[in-house]
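**Q** If you're matching them up, the sequences are chains R and V in order.
Its first residue numbered 1, the first sequence is counted upward by one per residue in my numbering.
Its first residue numbered 1, the second sequence is counted upward by one per residue in my numbering.
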Amino acid sequence: MAEPITITAPTAPTKPPSRFKTLLTEPKVLFGGGFILLLLVIAILAPLIAPKDPLEQDLMLGSLPPAWLDGAEPGYYLGTDDLGRDVLSRLLYGSRIALFVAVSSASLAALIGTVLGLLAGWYGGWTDRIISRIVDIWMAFPPVLLSILLVAVFGSGVHSVIAAIVIIDWTRFCRVVRAETLAQAQLDYITAARTVGFPRMKILTREIFPNIVPVLIALVSLEMGIAVVVEAILSFVGLSVSSDTPTWGGMIAQGRQLIHHAWWLLVAPLAVLFATVLAFNQLGGGLRRAFDPVMRR
Amino acid sequence: MIAISILNRLIMAAVTLFGVALIVFVLLRVVPGDPIAMMIAPGASPADILALRARYGLDLSLPAQFGVWLQAVVIGDFGTSISLRRDVLELLLGRLPATLELAFAALVVAVLIGGAVAVIGTLSRRTPLEPAIDATNGVLLAVPDFVWALALVLLLGVLFPIFPLSGRIDPTLSIDFATPFYLAESLVRLRFDIFLDIAAHMVMPVLALALPLATVITRILKEALLEAMVQDYVLLARLKGMSEVRLVLQEALRNAIGPALSLTGVQFTFLVGGTVIVERIFSYPGIGNMAIDAVINRDLPLIQGLVLVFGAIFIVINLGVDLLAAALNPRLRHG
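Shown next as structure tokens:
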């Protein structure tokens, strides 16, 4: 695509817009970030904003449709499940497990991957060869196999889910961080720092690492999207938290079972899951674009 | 030269499979919890328990267990499933064809949909349709097979109940199948009523598996097509008066297919991995659905067998992609 050439009169040099301002002009970041922020507030305030107790059963009020359909009961905005539990409240509480898994598994995977990636990219030689070899072998192992094995080994539960995600996905961070470190190490400011006699470890932590952070944030956002889906899948098949804790995956499983009696039980959690995954993806993609001068056009 | 290169790849594949077997074995021996404990009948004596442990080889040292197990696997003896009390190989062979039919059907559908959208996008460049296709595809790229499957349940199972929601075949229809490849067999035997019933059962799981792959194919292939469309040979063909549609299909597509192909191979392994959850959602009787039950029941012999079969499938796919790429690209043939 050829850019139209425009000639403008020379103006006084202005300060380039700050990174933060650039972010706010990126619609993907605004949409994705806004939704995630909202979700975070909901997760924290769930006990305050949920209209009902998510575990309270009332068989007299079982399988109520959402408020806008015939037969709805006031106060149950999204209806109830077969045990009479309020769908909206369960959905709000479900965001807690989803975000807990997303945040903890993505940050742990990022931590391991970043440390190893920085070391491999900066020190090179044997360090790099060993780490890169491990990453290659790791990535040759299909994620589905590894997750089946890991959940079989760890047993079910939310900590197993987090551990499985970290063990499988740290390589994503390691590869990107290593490549970024290699690229940064070629730049003049690093050569300058080395000439001046800055200690190597200090260059890595004080100079290189801060310049990798933006890419890292974008990756973490994408990883959180993956983690939310993995958690939903594992609670769908009953291998995540115990079945009385409200999770989106558990609600989806229930909705799938009762699909012919109460379709809304599937619609609500599926819509929320989809929106969350999309938001993390858009946020990650948008951040990557905003931070990457080449992609910014 | 070609023979040596193929031999090399075969040896590498065998080494990888051995590695998978070793990892599977080691991982599953550190499983906390004794699988025997679940099988003991109330009132079993310690001697009974020991006999049971000996029967499943759990009383030997670890390397000895691996040796015994590997020897057995090589001759096709995967042991006995603890939860289903049946021969693992027999269970696997009975279920694998259902998954293979599903995965290959999904691959074909993904290539057709992804390819068609990429060609339409290329033909409609510089019209409002192109950004619309790009934007839609960009959003759909984020949708995993799990979400597709459930969205299809709602759309084609409930809102427009056209296709059956679960299973592989209507139980009242069953003929005596000679092979477990129901779809292929019903076609060969010209039983179109049964073929259509099986195909109808496959529509939703196939779409759920195919659509994530289709969006990836669309993106990569369209990029490659757009690049090819500005090359000299396409310009020459255009000057000769070739129509736009033929330009894309005959000239550009031939050169754009290479990068799309190798990527499709890698993505196909993801598709096969996706059968695990998609089969679960549609109660489709393949090895993916079986894998989840095996994990829930902590059925170690079955899990080992399943992981090895999945590992072998992934290795065969990668091998196939390598060989296909070598066959299509003369420069790689001697590499």
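Heads up, the beta-carbon is just placed ideally off N, CA and C, and yes, glycines get one too.
Could you tell me whether any Cβ in chain R is nearer than 8 Å to the Cβ of residue 280 (chain V)?
**A** yes
**Q** For residue 249 (chain R), I'd like the list of residues in its chain whose CB is within less than 6 Å of its CB, leaving aside the five on either flank, ordered along the chain.
**A** 232, 235 and 236
**Q** May I ask you to list, following chain order, the residues of the region 103-133 of chain V that have a beta carbon less than 8 Å from some beta carbon of chain R?
**A** Going along the region 103-133 of chain V in chain order, one finds no residue with a Cβ nearer than 8 Å to chain R.
**Q** Check the Cβ of residue 238 (chain R) against every Cβ in chain V and list those closer than 8 Å, keeping chain order.
**A** Those within 8 Å of residue 238 (chain R) in chain V are 296.
**Q** Could you work out which residues of chain R lie near residue 241 (chain V), taking near to mean beta carbons separated by less than 7 Å?
**A** Within chain R, no residue comes near residue 241 (chain V); the closest Cβ sits about 26 Å away, beyond 7 Å.
**Q** Going along the region 33-45 of chain R in order, which residues come within less than 9 Å of chain V, judged by CB to CB distance?
**A** none
**Q** Any beta carbon from chain V within less than 8 Å of residue 211 (chain R)'s own beta carbon?
**A** no
**Q** Given a cut-off of 8 Å, decide if residue 150 (chain R) and residue 164 (chain R) are closer than it, judged by their beta-carbon atoms.
**A** Result yes, Cβ atoms of residue 164 (chain R) and residue 150 (chain R) sit closer than 8 Å.
**Q** Roughly how many whole angstroms lie between the Cα atoms of residue 334 (chain V) and residue 158 (chain R)?
**A** Caution is warranted here: a pLDDT of 49 is assigned to residue 334 (chain V), below 50, making its placement in the model unreliable, and the coordinate value is therefore given only provisionally. When rounded, the distance between both Cα atoms is 50 Å.
**Q** What residues are listed by DSSP as bridge partners for residue 86 (chain R)?
**A** R:80
**Q** Which same chain residues end up closer than 8 Å to residue 103 (chain R) when comparing Cβ atoms and leaving out the 5 residues on each side of it in sequence?
**A** 224
**Q** Closest Cβ-Cβ distance between residue 144 (chain R) and chain V: below 8 Å?
**A** yes
**Q** Distance cutoff 8 Å, beta carbons only. Does residue 259 (chain R) sit that close to anything in chain V?
**A** yes
**Q** Between the alpha carbons of residue 274 (chain V) and residue 286 (chain V), how many angstroms are there, rounded?
**A** 12 Å
**Q** Quick check: what's the CA-CA separation for residue 129 (chain R) versus residue 190 (chain V)?
**A** 57 Å
**Q** Mind pulling the chain R residues with CB within less than 9 Å of residue 151 (chain V)?
**A** 270 and 274
**Q** Does the contact criterion of 3 or more C-beta pairs under 8 Å hold for the region 19-30 of chain R versus the region 44-54 of chain R?
**A** no
**Q** Would you say residue 296 (chain R) reaches chain V, if we count a Cβ-Cβ gap shorter than 8 Å as a contact?
**A** Since pLDDT at residue 296 (chain R) reaches only 45, below the 50 mark, its modelled position is unreliable, and no value is offered.
**Q** Using CA coordinates, which residue listed in V:28, V:284, V:54 and V:74 is at the minimum distance from residue 203 (chain V)?
**A** V:284
**Q** Tell me the start and end of each unbroken beta strand (DSSP E) in the region 130-184 of chain R that is at least 3 residues and wholly inside, in chain order.
**A** none
**Q** Beta-carbon of residue 213 (chain V) versus every beta-carbon of chain R: anything under 8 Å?
**A** no
**Q** Assuming residue 259 (chain V) is part of the alpha helix (DSSP H), what are its boundary residues?
**A** The continuous alpha helix (DSSP H) containing residue 259 (chain V) extends over residues 253-281.
**Q** How long is the line joining the alpha carbons of residue 218 (chain V) and residue 155 (chain R), rounded to whole angstroms?
**A** One C-alpha to the other measures close to 39 Å.
**Q** Give me the Cβ distance between residue 217 (chain R) and residue 157 (chain V), rounded to the nearest whole Å; I'm assuming they're in contact under 8 Å.
**A** At roughly 39 Å, the Cβ-Cβ gap does not stay under 8 Å, so residue 217 (chain R) and residue 157 (chain V) are not in contact.
**Q** Assign residue 144 (chain V) to one of two classes, buried (16 or more other C-beta atoms within 10 Å of its C-beta) or exposed (fewer than that).
**A** buried
**Q** Please return the same chain residues whose Cβ sits closer than 8 Å to the Cβ of residue 163 (chain V), not counting the five positions on each side in sequence.
**A** Excluding sequence positions up to five before and after residue 163 (chain V), its CB lies within less than 8 Å of the CB of 156, 157, 200, 201, 203 and 204, all in the same chain and listed in chain order.
**Q** Are the region 207-224 of chain V and the region 108-117 of chain V touching, with three or more C-beta to C-beta distances below 8 Å?
**A** yes
**Q** Hey, could you find the ends of the alpha helix (DSSP H) residue 136 (chain V) is sitting in?
**A** 129-140
**Q** Can you name the residues that DSSP bridges to residue 53 (chain R)?
**A** Beta-bridge partners assigned by DSSP to residue 53 (chain R): none are found.
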